[in-house]
Amino acid sequence: METRNKGLRAVRGWRLLAALLLLLPWASQAQPTPPADSVVISHAEFLALLDQFHPMARQANLNPERAQQEIRQARGAFDPALTGKYYGKELKGKDYYHDWETALRIPTWFGVDVKAGWDRGVGPYVNPQEYTASSGLSYVGLSVPLSQGLLIDERRTAVRVAQALVGLAEAERRAVLNKLRLSASKDYWEWALATQRLRLLSANERVAGTRFAATRQRVLAGDLAAIDSVEALTELQNRQAQRVAARVQWQNAALVASSYLWDAEGRPRELPPTAQPQPLPAAPAWRPLLPDSLAQLTEQALQRHPDLAKTRAKQVQLGLENRLALNKLLPKLSVDYNLLLPGQPFALENTPSPFTGAYSTNNYKLGISFSQPILLRAERAKRQLVQLKLRDAGYQLSNDQRQVTNALQTAANDWQALLEQLRLQQQATVNYQRLRDGELIRFESGESTVFFINSREASLLAARQKLAELQAKYAQTQAQVRYAAGGD
324 METRNKGLRA VRGWRLLAAL LLLLPWASQA QPTPPADSVV ISHAEFLALL DQFHPMARQA
384 NLNPERAQQE IRQARGAFDP ALTGKYYGKE LKGKDYYHDW ETALRIPTWF GVDVKAGWDR
444 GVGPYVNPQE YTASSGLSYV GLSVPLSQGL LIDERRTAVR VAQALVGLAE AERRAVLNKL
504 RLSASKDYWE WALATQRLRL LSANERVAGT RFAATRQRVL AGDLAAIDSV EALTELQNRQ
564 AQRVAARVQW QNAALVASSY LWDAEGRPRE LPPTAQPQPL PAAPAWRPLL PDSLAQLTEQ
624 ALQRHPDLAK TRAKQVQLGL ENRLALNKLL PKLSVDYNLL LPGQPFALEN TPSPFTGAYS
684 TNNYKLGISF SQPILLRAER AKRQLVQLKL RDAGYQLSND QRQVTNALQT AANDWQALLE
744 QLRLQQQATV NYQRLRDGEL IRFESGESTV FFINSREASL LAARQKLAEL QAKYAQTQAQ
804 VRYAAGGD
């Protein structure tokens, strides 16, 4: 009778232990849930904080403003200029001369400069060329280049180059932001993976703790040998060590993710202890990258990728420099015509019709200048150098296009391969779950041992961790595809 009671107690003990293990959340297919007081920071929110407050993002956003100021500086060459000059001489009480020169010069976009001024040269020893009546002499005129500088010159080239640099500045801004977002995304999903790993190992530890407590009770009741409690305790300690190591990895991953967080005042911030990442992408979110989508991303990359945009902006700049260098091969020929008016500016009462043909042909100052190097070695060498740079930029663009398309195709290939790996790993995880549950059923009927259950659970844990790693890599590959396509 006593033997029969011991057998009944043993069966009830096996069933109790198996029931406790089956009811644990770790044994279910559901993902472990974060604590109730946790704050979930989604991937989109994480990147939004990055774009708004990270110093590198703020620094990159300065590039467009810097480019606008470059344009403003180049346009300064077309600002009107007012100049004035006075020279006078008096020695031992004797008056020699007094020369006044006042001029306003207004550059125009078409290469013609408009001039106006007032000169006064009086005194017994004034230069005859500079002599005027006591009221002075006013003039209005034009300075017109007839060859070099008529269609393009340094001033117009500088403005157009500065305008081309706006595209370069925007490309550099997007390049910095895209690289920063890619790095932040990878570290964010590493944090999510570390969080998932800690949850799995914590649940794994709780299972081992429950098993050890139940085994210990059965050993004390005489249903099991003492060596079984040693087996259960050893497994518990092993899982505790794994959980401690996973917690350190989670803390380090959270610290790396915190390095991307800043506040509005530019002070670094850390993730709060209750912060949690969003869950790793599960099965419904595993979508293939369709050929049409890949073709669209490739077209987008070829049009908008920052590396290609920077090379194209450089080509535009070199094209302007080449046009200017070609213009430098022409001779310098310019004409200055000044219509002379007696007296101070706008004092025309003594000259009723200063712009009539008779007046303008008898009261003027005319100048013609011509210059032409004989060999043009410097000018021809300059143009050849610019053309070499243009060819170099063309080769660079072709190579960059190939690199961009290859990088995008590589990321797309990784995407497709991960989808297959995820499906296979998910099926393997389900199978490991079934093996573990089957081992528990055998354990309930007395046909298995704690050692075999631990072995099955170790395999199931490894499968779940591998699945989590693939999920994190899938999310990182999505970020890599966006980066390879040029971002935004």
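Okay, so the sequence shown: first residue is 324 according to this note's numbering, each after it adds one. The beta carbon of each residue, even a glycine, is placed where N, CA and C say it ideally should be.
Item                                                                                                                                                                                 : Value
Might you give, ordered along the chain, the residues of its own chain that have their beta carbon closer than 7 Å to the beta carbon of Arg570, omitting 5 neighbours on each side? : Leu521
Could you give the C-beta distance for Glu393 and Leu488, rounded to a whole number, given that I count them as a contact under 8 Å?                                                 : 6 Å
Any idea what DSSP makes of Ile394, helix, strand or coil?                                                                                                                           : helix
Once you ignore the five residues that flank Pro629 on each side, which residues in its own chain have a CB closer than 6 Å to its CB?                                               : Ala494, Arg497, Ala498
Where does Leu474 fall in DSSP's three states?                                                                                                                                       : coil
Take Ile776 as the anchor and find which of Glu368, Ala492, Ala531 has the nearest alpha-carbon.                                                                                     : Ala531
Per DSSP, what kind of secondary structure is Asn685 in: helix, strand or coil?                                                                                                      : coil
Rounded to a whole number of angstroms, what is the C-alpha to C-alpha distance between Phe766 and Phe369?                                                                           : 47 Å
At what residues does the beta strand (DSSP E) containing Ser461 begin and finish?                                                                                                   : 460-468
Check for me: the alpha helix (DSSP H) holding Gln599 runs from which residue to which?                                                                                              : Element bounds for Gln599: not the alpha helix (DSSP H) but the beta strand (DSSP E), 598-600.
Kindly list the residues whose CB is nearer than 6 Å to the CB of Ala400, restricted to its own chain and excluding five residues on each side of it in sequence; keep chain order.  : Arg478
Assuming the contact rule is C-beta atoms closer than 8 Å, Thr800 and Ala734 should be a hit. Round their C-beta distance to whole Å, please.                                        : 6 Å
Under the three-state reduction of DSSP, which class applies to Asn306: helix, strand or coil?                                                                                       : Nothing can be reported for residue 306, as the shown portion of the chain is limited to 324 through 811.
Can you find the residues in the same chain that come closer than 7 Å, C-beta to C-beta, to Ala808, ignoring five residues on each side of it along the sequence?                    : Leu620, Gln623, Ala624, Leu731
For my contact list, Ser683 and Val467 are in at a C-beta cut-off of 8 Å; report their separation, rounded to the angstrom.                                                          : Between Val467 and Ser683 the Cβ distance is about 16 Å, and since that is not below 8 Å, they are no contact.
Do Leu641 and Val709 come within 8 Å of each other at the CB atom, strictly closer than that value?                                                                                  : yes
Within its chain, find whatever has a CB closer than 6 Å to the CB of Ala353; leave out the 5 residues flanking it on each side and keep chain order.                                : Here Ala353 scores only 39 on pLDDT, less than 50, and its place in the model should not be relied on; the value that follows carries that caveat. Excluding sequence neighbours, Ala353 sits near nothing in its chain.
Name the DSSP beta bridge partners of Trp423, please?                                                                                                                                : Tyr409, Arg443
Please classify Pro595: is it buried, with 16 or more other beta-carbons within 10 angstroms of its beta-carbon, or exposed?                                                         : exposed
Since Asn736 is in the alpha helix (DSSP H), which residue starts that stretch and which ends it?                                                                                    : 700-767
Can you tell me whether DSSP reads Tyr583 as helix, strand or coil?                                                                                                                  : coil
How about the segment 456-464 and the segment 431-445: do they share at least three Cβ pairs that are nearer than 8 Å?                                                               : yes
Along the alpha helix (DSSP H) that carries Leu612, what are the first and last residues, could you check?                                                                           : Note, Leu612: premise wrong, no alpha helix (DSSP H); not H, not E.
Who pairs with Lys655 in a beta bridge, going by DSSP?                                                                                                                               : Ser694
Can you tell which of Ala568, Ala785, Gly810, Arg746 has its C-alpha closest to the C-alpha of Arg610?                                                                               : Arg746
Sort Gln375, Val445, Asn686 by Cα distance to Ser458 and report the nearest one.                                                                                                     : Val445
Could you tell me whether the segment 364-380 touches the segment 505-518, using the rule of 3 or more Cβ pairs below 8 Å?                                                           : yes
With a threshold of 16 other CB atoms inside 10 Å of the CB of Trp432, please say whether the residue is buried or exposed.                                                          : exposed
Assuming the contact rule is C-beta atoms closer than 8 Å, Arg428 and Asp436 should be a hit. Round their C-beta distance to whole Å, please.                                        : 6 Å
Residues in its own chain within less than 8 Å of Leu345 by CB, not counting five upstream and five downstream?                                                                      : At Leu345, the pLDDT of 41 sits below 50, so the modelled position is not reliable and the matter cannot be decided from this model.
For Gly810, which of helix, strand or coil comes out of DSSP?                                                                                                                        : coil
Looking at C-alpha atoms only, which residue of Ala526, Leu523, Glu558 is the closest neighbour of Thr538?                                                                           : Glu558
Helix, strand or coil, according to DSSP, for Ala531 in the structure here?                                                                                                          : helix
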